[in-house]
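What follows is a single structure, written as structure tokens, with notes after it.
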Amino acid sequence: MKIFVAQGSNPLSPRAAAGAGRQKLNTAPITEQLMAILNSCSIEAVTSFASNQPHEKDEESFLSRIYEANIEGADYFIYLTTNASYSPFDTGASAVIPRMNLQAKALAEAILEGLKVFAGLQNRGITTRPWLHALQRADMPAVIIETGFSTNEGDAALIGEHPDLVARGIANGILTYLQSLSSDDDEDFFPVCPPPFYQLYPETRTGFCDLKLHVYAGKKRQPVSRADISVYQKCGDRHIMVYRGLTDKNGRAIPVELPLDCRDPQPPLFCICVRHPGYLPKNEWIEVKGEQPLYLTIVLEGKHRQKSNEDSIRAQRFW
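Residues 1391 to 1709 (this note's numbering) make up the sequence shown, in order.
See the structure below:
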């Protein structure tokens, strides 16, 4: 198994291309750590040693990496870059494939899920770009992974300060995808990395309130794993997503940093939305008055309990 990993400027967006130097600086450490993880899992990971020339256009540089992957005989091509937007609030990871290729789509889905679990990056989904002819020249399934927005303070800090989280998320997605392709006899050949539990930013960071979140179920307080956590900040008439991720096996979410710099004169309000297929959805509002860390426990109610209550009401009406 050979995977060609490349990084560089975003060939899709002129706004992203304007920050090409910064993007290459951000994604190079991710590429290095990703290759180390893949090689340690008995997967041959290779990369491009070509550098962007001042006169070379982004698409030409991107195409040269496609040709290198073809020459190497790679089984998959993964191109890492960052996104950009006029809005500083746009956040999250996304993927691009040249056309509706089932292998490329499945690989991209697994990588985005890995980035959501390991790095807390919002999953913005997959788009197809039939007009991106350079990507169509790949002889293997090829995907572009936009690892976050260089124009978003949180995404940029995550990519710059914690490339290991991003690399582990991408690697986990790749390994999960490859494991789904393997036979029953080889199902343990590609070990999937366990989810980490890290603080995303240094504790000395100011203007934020740390939220430690635990999710339980029932009176016995059983931890709920893989609960989907979304946190929204109320800023005027808008609700801005500031975090999305999953709980670990102990029912804990990665510590969430709640920004306190909203220009609303009222104390910042945040809505914590918890979703899990086995339990009723739950939303909880909290008011943050300062940088003092907060500890929040959310207890979910099983769906069967709602059904029992409904049956009881029907029985009362019947009698």
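The beta carbon of each residue, even a glycine, is placed where N, CA and C say it ideally should be.
Separation of residue j from residue i, as counted between CA atoms
i	j	result
Lys1602	Leu1453	45 Å
Pro1649	Ile1564	32 Å
Ala1557	Trp1521	29 Å
Glu1462	Arg1628	49 Å
Leu1525	Pro1488	6 Å
Phe1508	Asn1562	9 Å
Leu1548	Leu1492	30 Å
Gly1635	His1523	34 Å
Arg1642	Leu1670	18 Å
Lys1392	Lys1693	45 Å
Gln1612	Pro1658	31 Å
Leu1511	Asn1460	31 Å
Thr1421	Ile1619	28 Å
Ile1630	Thr1637	21 Å
Ser1484	Gly1515	5 Å
Asn1429	Glu1691	43 Å
Cys1751	Leu1555	In the structure as shown, the chain begins at 1391 and stops at 1709. Residue 1751 is therefore absent and cannot be evaluated.
Ser1615	Ala1474	33 Å
Pro1584	Ile1427	At Pro1584, the pLDDT of 45 sits below 50, so the modelled position is not reliable; the number obtained from the coordinates is stated separately. Cα to Cα, the separation comes out at about 13 Å.
Lys1718	Ile1644	Since the first and last residues shown for the chain are 1391 and 1709, residue 1718 lies out of range.
Asn1640	Ala1617	11 Å
Asn1542	Gly1608	38 Å
Gly1668	Ser1477	36 Å
Leu1590	His1666	With a pLDDT of 43 at Leu1590, under the threshold of 50, the predicted position of this residue should be treated as unreliable, though the coordinate-derived value follows. If you take the alpha carbons of Leu1590 and His1666, they lie about 24 Å apart.
Helix, strand or coil at residue i according to DSSP, with G and I counted as helix
i	result
Asp1600	strand
Arg1611	coil
Tyr1685	strand
Val1436	strand
Thr1517	strand
Gln1623	strand
Gln1391	For the record, residue 1391 in the displayed sequence is Met; it is not Gln. Correct three-state label for Met1391: coil.
His1666	coil
Pro1553	helix
Arg1558	helix
Asn1442	Any reading at Asn1442 must be qualified, since the residue scores a pLDDT of 48, below 50, and its modelled position is unreliable; the value itself is stated next. Asn1442: coil per DSSP, three-state reduction.
Met1631	strand
Asn1491	coil
Ala1396	strand
Leu1426	The question names Leu, but residue 1426 in the sequence shown is Ala. Looking at Ala1426 - three-state DSSP - the assignment turns out to be helix.
Arg1704	The predicted model places Arg1704 with a pLDDT of 49, which falls under 50 and marks its position as unreliable; any figure quoted below should be read in that light. The answer is helix: DSSP assigns Arg1704 an H, G or I state.
Pro1592	Summary for Pro1592: the model assigns pLDDT 43, below 50, so the residue's position carries little reliability; its value from the coordinates is reported in the next sentence. Pro1592 falls in the coil class under three-state DSSP.
Thr1537	strand
Ala1507	Residue 1507 is actually Val in this sequence, not Ala. Note: Val1507 maps to helix in three-state DSSP.
Lys1693	helix
Asp1618	strand
Pro1649	strand
Lys1414	With a pLDDT of 43 at Lys1414, under the threshold of 50, the modelled position of this residue cannot be trusted, and the question is left open.
Ala1528	coil
Ile1644	coil
Same chain, Cβ closer than 8 Å to residue i, five either side skipped, listed in chain order
i	result
Ile1688	Leu1603, His1604, Val1605, Tyr1606, Ile1662, Val1664, Lys1672, Glu1674
Pro1683	Cys1599, Asp1600, Leu1601, Lys1602
CA nearest to the CA of residue i, picked from the options
i	options	result
Val1486	Ala1496, Asp1480, Ser1477, Thr1417	Ala1496
Tyr1457	Leu1548, Glu1434, Arg1527	Arg1527
Phe1479	Glu1681, Gln1623, Arg1642	Gln1623
Ala1494	Glu1691, Gly1626, Leu1571, Met1631	Leu1571
Thr1481	Thr1518, Asn1513, Ala1498, Phe1508	Asn1513
Pro1419	Ile1644, Val1436, Met1391, His1552	His1552
Gln1569	Leu1505, Ile1433, Thr1421, Ile1516	Ile1433
Thr1517	Glu1543, Met1490, Gly1668	Met1490
Ala1532	Arg1519, Gly1544, Leu1428	Arg1519
Ser1451	Pro1667, Ser1399, Ala1617	Ser1399
Gly1544	Glu1677, Lys1679, Lys1639, Tyr1633	Tyr1633
Thr1656	Lys1609, Gly1626, Pro1667, Pro1645	This sequence places Gln at residue 1656; Thr is not what is there. Gln1656 has its Cα closest to that of Gly1626, out of Lys1609, Gly1626, Pro1667, Pro1645.
Lys1679	Phe1394, Gly1597, Ile1427, Ala1498	Gly1597
Val1621	Ser1477, Val1646, Val1436	Val1646
Beta-carbon contacts of residue i that lie in its chain and below 6 Å, excluding the five residues immediately before and after
i	result
Ser1438	Ala1396, Arg1455, Glu1458
Ala1546	Ser1540
Glu1681	Cys1599
Met1530	Ala1464, Asp1465, Tyr1466, Phe1467
Tyr1685	Lys1602
Glu1677	Pro1657, Leu1659
Val1436	Phe1394, Glu1462
Beta-carbon proximity list for residue i, same chain, < 7 Å, skipping 5 on both sides
i	result
Thr1417	Gln1397, Leu1470, Thr1471, Thr1472, Thr1537
Ile1560	Leu1424, Ile1501, Gly1504, Leu1505, Ile1535
Ala1498	Ala1485, Ile1487, Ile1516, Val1533
Suppose only complete runs of 3+ residues qualify. What are the beta strand (DSSP E) ranges in the region 1455-1483, listed by chain order?
1466-1473
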